[in-house]
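A.B. asks: Residue numbers (this note's numbering), protein chains in the order written: chain W, 1 to 252; chain S, 253 to 587; chain V, 588 to 874. Cβ coordinates follow ideal geometry from the N, Cα and C atoms, glycine included. On a predicted model such as this, the values are computed, not experimentally measured, just so you know.
Written out as structure tokens, the structure reads:
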């Protein structure tokens, strides 16, 4: 059995009286892609927000490796080795593609109160540049490094999302709809990239694209109305009557 | 606060040349200018340092502080307290002491306000600066509303600051030094992180930057540099009063930074000089047939401010940029 | 301090707090609904005081001065919104800060040109010029009770308007989700204009009724503006309920502070604000 890199138990998030996520448990293993699917409003993005520290859970625990990150801040969670990409492109639009990735790579090296950090030239840090270069290459954006991120195409911005996440050198990846809005060719490239990333990471994928899901996922969790209704191998999930009724039945 | 569009960070060659010319002009000015004008330019240079310190906070990090003058005033008062009535005090320990006072105040106030966001931050900085204002205004022991006199300029030993020309060059040296320092900070890892926080704080946290620590460091550094300006102001004028920490002083600083163009420190210098120039211009307006235009300088100043905000929101450098209309002046340097 | 004195200071606290509430309510509404920070809010207070002075001399009646003054302030608010503020709803807070700071200058000078720089008094109308006995030795000015009454009436009116009328519903809908409200047929532009005018009118009215008590002098809006900001920060931006509670709190701390600890009185309110910020950086109540 592969290593469990992230484990969540009984995660619940309520807003007022409404439970957006209700008693969800999920495991992420190295060299496995764990896809989370469900209709709109199922709570998938809320779940991602809980895991990345963007929202504090009302109940439940989250463990990253050996660390309890249930109440940790987003920056603490990122430093512990979790990288997240966002459904709505969340980049630095006025910076170049290169600077976006370089800044993400720099996060591993920065302490604000060290005065030496006030006088060195950021662009000359070899270690940071190396990390950024590697992430840029992996995401396939090496040729677009000088483009202003806000002016790049939608597909390139989605690639940049991934590149920034990779530049922080995570062990666990939370990818929120990486294929959103992509054309066929771009989506193919993205799928290939995700498969390349698989061996060294534990990955959670929130997606709507059913074909991509079944091409990528080793494990599938189906959420409806904030709760998990099924979790297991993709073939088994496909055949599950409850899932078909609630979700796939509309599309399959 | 929504992030503004592209800031001018990397200065185009033409602008760099202009700045170099400006430095030369400032260096040569005492040889041609009158005593009165020399004093005026000294004051403008001090305000330029003040404006640059605010630009670090506002232009680079995106934090709008309506209370930055508090740290300006505190350093001035520090010099007042440390200078005896009958003899000068040494520059070499009063200056660090004043900077320490401003920096410590910025650290404490920063710790309380940096945790707030957006409009709360603006209001909280204003309120705390008012608190500092009332602290000095209400207490006779601290000088009260009358303020305090500084009877001697600091004793520098090697050079005589009582000589107005020497003081001018000392101030010029400080101006150039602060500019060079801040330009380095801008391109340092710290400066890049601050710019990232301005553009997208949420993502900065998600990739692992502690935004609170960075913002607090920026706030403290900015406050310390404002203290340098305040110290020089006290030394030059020989007088400090609570107005130096007041709301109007803070708002003037914001105006200077906006007027010149934010985020590159050159704009702050340009803005400070331009703002003071406009102020003198309005105050010196003659009377037109019974209507004393100069007395109502606040009206012209107010209309001017409204006009700048409506028609030139990127400031003078922004206007120059548009006129030269060079494409692709983008943020972030490569490699 | 004996019981009667405590009672008087308590009444003073409430009166001051309620006046602050009138100002803070306008500020927090305008910010909560349109996202505009307005540093010139204190200037409306000053204009109200000067209007009370100018109009009551003109019209010979304080009551008519208030009526006409309020009407004028509504018109002024609508014009200001239409000509200037409307363009700034989507702008940076920084731009708004500067715009309204420039306006402070313009309003101060406008006032100087219209009414000069002298300090003036406004006479308390004879009907309200008396004292209500509280004990054998102490009594409380009727006018201050009148002021509290006006503030309470307006607070209730505001609550009813926002909570119970169709207009209020539209205001809340517009604040919550602008596009949705528009697609449902709500005229957002009109709503914004109305809210802005209400804010201006509240501030002006506050200045008018405060004039007999605080007298009328240049730059009188500045300290009031600061207090207003403190109230809004403590109460929570966009929350009218928060503004009320925070205003009363500030009134209490400030009034009793001045009486019990005069040396630090000026700072107590800020200490309160610092404490609230440490505990709740977004204020006591969310909108």
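1. Where does residue 514 of chain S fall in DSSP's three states?
2. Whole angstroms is fine: what's the gap from residue 156 of chain W's alpha carbon to residue 76 of chain W's?
3. Determine the DSSP secondary structure at residue 614 of chain V, reduced to helix, strand or coil.
4. Just to check my reading of the structure: residue 84 of chain W and residue 262 of chain S have Cβ atoms closer than 8 Å, yes? What is that Cβ distance to the nearest angstrom?
5. Listing by chain order, which chain C residues have their CB less than 8 Å from the CB of residue 125 of chain W?
6. Mind checking which residues open and close the alpha helix (DSSP H) that includes residue 52 of chain W?
7. Can you confirm whether the segment 370–387 of chain S touches the segment 322–341 of chain S when touching is taken to mean that 3 or more C-beta pairs between the two stretches lie within less than 8 Å?
8. Check whether the segment 385–395 of chain S touches the segment 505–520 of chain S, taking contact to mean three or more Cβ pairs, one atom from each stretch, closer than 8 Å.
9. Give me the chain S residues within the contact set of residue 699 of chain V, using Cβ-Cβ distance strictly less than 9 Å, ordered along the chain.
10. What residues in the segment 678–690 of chain V have a beta carbon less than 7 Å from any beta carbon of chain S?
11. Helix, strand or coil for residue 20 of chain W? Go by DSSP, reduced to three states.
12. Determine the burial state of residue 34 of chain W: buried for a count of at least 16 other Cβ atoms within 10 Å of its Cβ, exposed for fewer.
13. Have a look at V/667, V/622, V/746, V/648 and flag the residue whose alpha-carbon is nearest the alpha-carbon of residue 715 of chain V.
14. In chain S, which residues lie less than 7 Å from residue 853 of chain V when you measure between Cβ atoms?
15. Could one say the Cβ of residue 558 of chain S lies closer than 7 Å to chain V's Cβ atoms, at least one of them?
16. May I ask you to report which of helix, strand or coil DSSP gives residue 870 of chain V?
17. Is there a Cβ of chain S sitting closer than 7 Å to that of residue 92 of chain W, yes or no?
18. Closer than 8 Å, Cβ to any Cβ of chain V: which residues of the segment 313–347 of chain S, in chain order?
19. In or out: residue 501 of chain S buried (at least 16 other Cβ within 10 Å) or exposed?
20. Taking only beta-carbon atoms, is residue 864 of chain V less than 7 Å away from chain S?
21. Helix, strand or coil, according to DSSP, for residue 727 of chain V in the structure here?
22. Closer than 6 Å: is that where the CB of residue 721 of chain V sits relative to any heavy atom of the ligand PLP?
23. Under 7 Å Cβ-Cβ, which residues of chain S neighbour residue 820 of chain V?
24. Apart from the five residues on each side of it in sequence, which residues of its chain come closer than 6 Å, Cβ to Cβ, to residue 315 of chain S?
25. Quick test of your reading: residue 750 of chain V and residue 619 of chain V, contact by CB under 8 Å. State the CB separation rounded to the nearest angstrom.
26. Have a look at V/805, V/589, V/727 and flag the residue whose alpha-carbon is nearest the alpha-carbon of residue 693 of chain V.
27. Can we say the segment 545–562 of chain S touches the segment 326–343 of chain S, given the rule of at least three CB pairs closer than 8 Å?
28. Give me the Cα-Cα distance between residue 359 of chain S and residue 467 of chain S, rounded to the nearest whole angstrom.
29. Apply the 10 Å Cβ neighbour rule to residue 858 of chain V and answer buried if 16 or more other Cβ atoms are within range, or exposed otherwise.
30. Can you list the alpha helix (DSSP H) stretches of 4 or more residues lying completely in the segment 802–838 of chain V, in chain order?
31. Given this structure, state the Cα-to-Cα distance separating residue 118 of chain W from residue 748 of chain V, to the nearest angstrom.
32. Sorted by chain position, which residues of the same chain lie with C-beta nearer than 6 Å to residue 769 of chain V's C-beta, five sequence neighbours on each side aside?
33. Below 6 Å CB to CB, which residues in the same chain sit around residue 674 of chain V once its five sequence neighbours on both sides are set aside?
34. When DSSP labels each residue in this structure, what does residue 281 of chain S get in the three-state scheme?
35. Name the chain S residues that come within less than 7 Å of residue 71 of chain W, Cβ to Cβ?
36. Measuring only between beta-carbons, confirm whether residue 857 of chain V sits less than 7 Å from chain S.
C.D. replies: Straight from the coordinates:
1. To locate residue 514 of chain S, count along the second chain from 1; it is residue 262. Taken through DSSP and simplified to helix, strand or coil, residue 514 of chain S comes out as coil.
2. Locating residue 156 of chain W in the first chain gives position 156, counting from the first residue. Locating residue 76 of chain W in the first chain gives position 76, counting from the first residue. Looking at the two C-alpha atoms, the distance is approximately 28 Å.
3. Within the third chain, residue 614 of chain V is the residue found at index 27, counting from 1. Here residue 614 of chain V sits in helix by DSSP.
4. Along the first chain, one-based indexing puts residue 84 of chain W at 84. Along the second chain, one-based indexing puts residue 262 of chain S at 10. About 31 Å separates the beta carbon of residue 84 of chain W from that of residue 262 of chain S, a gap too long to meet the 8 Å contact definition.
5. Here chain C cannot be found, since the structure's protein chains are W, S and V.
6. As a working note, residue 52 of chain W is residue 52 in the first chain. First-last of the alpha helix (DSSP H) with residue 52 of chain W: 44–52.
7. Short answer: they touch.
8. Contact fails: fewer than three Cβ-Cβ distances are below 8 Å.
9. For the purposes of this step, residue 699 of chain V is identified with residue 112 of the third chain, where counting begins at 1. Neighbours of residue 699 of chain V on chain S, chain order: 547, 548, 550, 551.
10. Residues of the segment 678–690 of chain V with a C-beta less than 7 Å from any C-beta of chain S: 679, 680, 681, 682, 684, 685, 686, 688, 689, 690, listed in chain order.
11. Start at 1 with the first residue of the first chain, and residue 20 of chain W comes out as number 20. Strand at residue 20 of chain W.
12. Within the first chain, numbered from 1, the residue matching residue 34 of chain W stands at position 34. Residue 34 of chain W comes out buried.
13. As a first step, residue 715 of chain V must be located in the third chain, where it is residue number 128. In this structure, V/648 is the residue among V/667, V/622, V/746, V/648 with its C-alpha nearest to the C-alpha of residue 715 of chain V.
14. Counting from one through the third chain, the residue named residue 853 of chain V turns up at place 266. Those within 7 Å of residue 853 of chain V in chain S are 386, 390.
15. The residue labelled residue 558 of chain S in the question sits at position 306 within the second chain. Under the Cβ criterion of 7 Å, residue 558 of chain S is counted among the residues facing chain V.
16. Your numbering for residue 870 of chain V matches position 283 in the third chain. DSSP places residue 870 of chain V in the coil class of the three-state scheme, outside both helix and strand.
17. Sequence index remark: in the first chain, residue 92 of chain W carries index 92 (1-based). Output row for residue 92 of chain W: interface = yes.
18. Of all residues in the segment 313–347 of chain S, 316, 318 have a Cβ within less than 8 Å of some Cβ in chain V.
19. As a first step, residue 501 of chain S is located in the second chain; it is residue number 249 there, counting from the start. Residue 501 of chain S is classed as buried because its beta carbon has at least 16 other beta carbons within 10 Å across all chains shown.
20. Your numbering for residue 864 of chain V matches position 277 in the third chain. With respect to chain S, the C-beta atom of residue 864 of chain V has a partner C-beta closer than 7 Å.
21. The residue labelled residue 727 of chain V in the question sits at position 140 within the third chain. Three-state DSSP puts residue 727 of chain V in a strand.
22. You won't find the ligand PLP in this model; it holds no ligand whatsoever.
23. The residue labelled residue 820 of chain V in the question sits at position 233 within the third chain. The contact set of residue 820 of chain V on chain S, defined by CB atoms closer than 7 Å, consists of 372, 375, 376, 379 in chain order.
24. Start at 1 with the first residue of the second chain, and residue 315 of chain S comes out as number 63. The beta carbon of residue 315 of chain S sits closer than 6 Å to the beta carbons of 309 from its chain, once the five residues preceding and following it are set aside; these are given in chain order.
25. As a position in the third chain, residue 750 of chain V is number 163, starting the count at 1. As a position in the third chain, residue 619 of chain V is number 32, starting the count at 1. About 15 Å separates the two Cβ atoms, so there is no contact after all.
26. Here residue 693 of chain V corresponds to residue number 106 of the third chain, with the count starting at 1. Just measuring C-alpha positions, the residue of V/805, V/589, V/727 sitting nearest residue 693 of chain V is V/805.
27. The segment 545–562 of chain S is not in contact with the segment 326–343 of chain S.
28. By one-based count along the second chain, residue 359 of chain S stands at place 107. By one-based count along the second chain, residue 467 of chain S stands at place 215. Straight through space, the alpha carbons of residue 467 of chain S and residue 359 of chain S are spaced by roughly 11 Å.
29. As a position in the third chain, residue 858 of chain V is number 271, starting the count at 1. Its Cβ having fewer than 16 others within 10 Å, residue 858 of chain V is exposed.
30. Whole alpha helix (DSSP H) segments, 4+ residues: 808–822.
31. The sequence position of residue 118 of chain W within the first chain is 118, counting from 1. The sequence position of residue 748 of chain V within the third chain is 161, counting from 1. When rounded, the distance between both Cα atoms is 54 Å.
32. Position 182 of the third chain, counting from 1, holds the residue named residue 769 of chain V. Apart from the 5 residues on each side of it in sequence, residue 769 of chain V sits with its Cβ closer than 6 Å to the Cβ of 775 in its chain, given in chain order.
33. The residue labelled residue 674 of chain V in the question sits at position 87 within the third chain. For residue 674 of chain V, there are no CB contacts under 6 Å within the same chain when 5 residues up- and downstream are skipped.
34. Position 29 of the second chain, counted from the first residue, corresponds to residue 281 of chain S. In the structure shown, residue 281 of chain S adopts helical secondary structure according to DSSP, grouped into three states.
35. The residue you call residue 71 of chain W lines up with position 71 of the first chain. The premise fails here: residue 71 of chain W is roughly 15 Å from chain S at the closest Cβ pair, so nothing lies under 7 Å.
36. Indexing the third chain from 1 puts residue 857 of chain V at position 270. True, the Cβ-Cβ gap to chain S drops below 7 Å.
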